[in-house]
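S.K.: Take 0 as the starting number for the sequence shown in numbering that gives the first Met the number 0 and just add one per residue.
The C-beta atom is built at its ideal place from N, Cα and C for all residues, glycine as well.
Just so we're clear, the structure is a prediction, and the values are computed from it rather than from any experiment.
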Amino acid sequence: MDDCIFCRIAKKDIGAKIVYEDDNVIGFDDISPQAPVHVIIISKKHIVSVDFIDESDADIMTSLMFSFKKIAEIKGIGNNGYRIVSNHKERAGQSVFHLHFHLLGGRDMKWPPG
0 MDDCIFCRIA KKDIGAKIVY EDDNVIGFDD ISPQAPVHVI IISKKHIVSV
50 DFIDESDADI MTSLMFSFKK IAEIKGIGNN GYRIVSNHKE RAGQSVFHLH
100 FHLLGGRDMK WPPG
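#1: Who does Val24 pair with in a DSSP beta bridge?
#2: Among the residues of its own chain, which have a CB less than 7 Å from the CB of Asp58, if the five just before and after it don't count?
#3: Does Arg90 come out as helix, strand or coil in the three-state DSSP assignment?
#4: With DSSP run on the structure shown, which of helix, strand or coil describes Phe51?
#5: Could you pull out every residue in the same chain whose Cβ sits closer than 6 Å to the Cβ of Val47, ignoring the five residues on either side in sequence?
#6: In whole angstroms, what separates the C-alpha of Ile17 from that of Ile25?
#7: In the DSSP output, what is Arg7 paired with across the bridge?
As structure tokens, then:
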């Protein structure tokens, strides 16, 4: 989608500090970090949110899940712990309607988160 900022990042039409990439996903540093480490991990395919995943997206979801550990290791927080967050719809805080996850770490996390 031409108006989706995450699609434009995935196509490299917009610059981002990429920390991880494979055939299905791309991870980049958040421009407004909420923790010392805050990486956004997106599917390269435009999927609005978890409600729009179907069986044909199994490879994408597998890539997303495996990317979390790899990115945590790249960022040096794999041994200390990290949080994975995905917001779904406006009321939950989704502001970009493209499937994405936040990987947060580098500090103690509180519970409940919000």
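M.R.: On the basis of the data shown:
#1: In the sequence shown, residue 24 corresponds to position 25, counting from 1. DSSP lists Ser42 as partners of Val24.
#2: Numbered from its first residue, the sequence shown carries residue 58 at position 59. The answer, listed in chain order, is Asn23.
#3: Looking up residue 90 in the sequence shown gives position 91. Secondary structure at Arg90: helix, using DSSP grouped into helix, strand and coil.
#4: By one-based count along the sequence shown, residue 51 stands at place 52. It is helical.
#5: Within the sequence shown, numbered from 1, the residue matching residue 47 stands at position 48. Apart from sequence neighbours up to five positions away, the residues of its chain that approach Val47 with a beta-carbon distance below 6 Å are Phe96, ordered along the chain.
#6: Counting from one through the sequence shown, the residue named residue 17 turns up at place 18. Counting from one through the sequence shown, the residue named residue 25 turns up at place 26. Approximately 7 Å, taken between the alpha carbons.
#7: In the sequence shown, counting from the first residue as 1, residue 7 sits at position 8. In the DSSP output, where bridge partners are listed per residue, Arg7 has none listed.
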